Structures are given as C-alpha cells and as structure tokens.
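Everything on this sheet refers to the single structure shown next.
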Amino acid sequence: QMSSASHENSRITWLNIRNDWSLVVRFSKKAIPFFVLYMMFQMVMLLTAALDSMEVTFAKMILNLSNTTYGSLVTIAGIGFLIGAICTNVLVRFVPAKLLMSIGTLFVSIGYIIYSFSTTYLLASIGFFVLSFFLSISNTGFMTYIQSNIPTDMMGRISSFYEMLASFIQVITILLVGLASHWFSVKEVVIGCSTLMFTTALYLTLLSASKVRSN
C-alpha cells in the first residue's frame with residue numbers, strides 16, 4: 070500500500086513538472102519580446118562568466134601582472150561595484166528598469182572591450198572599474214524588469230526554467246571558450262568574446278530603446 074502511494078506521489082510530481090513546463094512555454098510564446106530581452110541579457114552574463122574564467126590567465130600572461138597587482142585590480146572592481154550600487158539607488162527612481170538593464174549591460178561590455186585591448190595596468194584598471202560599476206546597474210535593472218513583467222504567481226516557475234536553460238548554455242559556452250583558448254591565443258579569445266558581448270549588448274540596447282519609444 071505504501072509502495073502504491075509512493076508511486077502515485079511520483080506520478081503527480083512528474084505531472085506537475087510537465088504542467089509547469091507547459092505553463093512556461095505558453096508564457097514565453099505570449100511574451101516573445103520579454104523572452105528575447107531576457108535571453109540577450111543572459112547571453113551577455115554568460116560571456117561575462119566565460120571571460121571571468123580567463124581573467125587570471127590574461128592578467129598574468131598578457132599583462133604580465135603579479136599576484137599582488139592582479140589583486141589590486143579585483144579591489145578596484147569591488148570599489149566600482151560598490152559605487153555603482155550607490156548610484157543605482159538614485160537612478161532606479163528616475164530611469165526605466167529596461168533602460169537601466171540595457172545601458173548598464175552595454176557599458177559592462179565596453180568595460181570588457183577596454184580590458185581585452187589593454188596593454189598596461191592603467192587601461193586594465195579602467196576597464197575593470199567600468200564593467201563592475203555598470204554590472205551593479207544592469208543587474209538591478211534586470212531584476213526590476215523581470216519582476217514587473219512576470220506575474221507573481223508564476224515568478225518561481227518561470228525564473229527556475231529560464232535559469233536552468235541559462236545554466237545549461239553557460240556550461241556549453243565555457244567549454245567552447247576553453248576549447249578556443251587551445252586553438253587561438255588567450256588575447257584573441259578574450260577580444261573575440263568581448264566583441265561578441267558588445268554586439269549582443271548593443272542589440273539589446275537598441276531593442277530596448279525601440280520598445281520604450283513604442284510604449
């Protein structure tokens with residue numbers, strides 16, 4: 070009898086999962102612009118994670134930085150993120166969340182572009198500061214944007230499904246970047262990923278701006 074009840078609970082669980090997935094798919098079809106913006110943002114964040122995995126190698130092999138000097142770059146990034154968070158508290162009251170997300174993401178990619186083309190500590194520190202400053206702004210804009218576009222009763226299910234999809238893509242992205250580093254130089258891979266990030270962020274910004282004007 071206990072075995073039968075356990076089997077029934079398992080069957081109900083899988084049924085609930087299938088229903089949740091169907092709900093997410095229906096929502097995504099009805100909210101395609103939202104889904105596209107969400108995935109564009111996640112694509113930039115996935116490239117950010119991939120580049121993060123190569124930061125130490127890039128700093129030591131290309132910029133010839135010591136552990137102490139690289140540590141100071143991380144400190145600069147932390148300061149930039151903190152100042153960005155303070156500024157975000159003011160900006161969020163006057164700037165639409167969608168624009169905070171898109172413009173913040175664009176400048177995050179610009180920070181990585183500066184870093185990827187840097188040949189000195191000064192340029193690298195500027196790039197680190199820019200990307201970390203605007204990372205705080207873009208993340209806040211993103212969270213505010215999804216909270217205002219996903220119904221409260223569906224928030225958990227939709228966010229979980231999207232995050233699972235993003236995590237799967239992230240694993241593939243990091244593997245591809247790792248493979249690319251065997252075929253090309255570290256600098257070429259970092260520049261390529263930064264350029265792709267900038268292109269994606271620029272498209273996200275233009276798409277967001279057009280949606281704001283249409284609204």
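According to the numbering used here, the residues represented by the sequence shown are 70 to 284, in order. Positions of the beta carbon are idealized from the N, C-alpha and C atoms, including for glycine. All values reported here derive from a predicted model rather than from experimental measurement.
Boundaries of the alpha helix (DSSP H) around THR213: 190-218.
Classified as exposed, LEU244 has fewer than 16 neighbouring CB atoms from the shown chains inside 10 Å of its CB.
In this structure, MET123 lies near VAL246, with their beta-carbon atoms less than 9 Å apart. LEU273 and GLY173 have their C-alpha atoms roughly 11 Å apart.
If you draw a straight line from the Cα of MET224 to the Cα of PHE96, it is about 11 Å long. Secondary structure at ARG226: helix, using DSSP grouped into helix, strand and coil.
Residue burial is scored here from C-beta neighbours: SER178 has at least 16 other C-beta atoms within 10 angstroms and is therefore classed as buried. When only Cα atoms are considered, ASN158 and PHE150 end up about 13 Å apart.
Under the three-state reduction of DSSP output, ASN88 falls in the helix class.
Annotation: the continuous alpha helix (DSSP H) that includes PRO102 extends over 101-121. Contact check for ILE182 and SER263: beta-carbon distance about 5 Å, within the 8 Å limit, so the pair qualifies. Residue burial annotation: GLY140 is exposed, with fewer than 16 other C-beta atoms found within 10 angstroms of its C-beta. Counting along the chain, ILE131 sits inside no alpha helix (DSSP H), nor does DSSP assign it H or E at all. Straight-line measurement puts the Cα of SER254 at about 13 Å from the Cα of LYS129. If you draw a 10 Å sphere on the C-beta of ASN88, you find fewer than 16 other C-beta atoms in it, and that means exposed. Taking the Cα of SER185 as reference, the smallest distance to any Cα among GLU232, ILE260, LEU204 and LEU106 is reached at ILE260. Per DSSP, THR221 lies in no alpha helix (DSSP H) and is assigned neither H nor E. PHE197 is the residue among THR138, VAL240, PRO165 and PHE197 whose C-alpha sits nearest the C-alpha of GLY153.
Put simply, the backbone Cα of THR213 is about 18 Å away from that of PHE176.
Counted as a single uninterrupted DSSP element, the alpha helix (DSSP H) harbouring PHE150 occupies residues 136-160.
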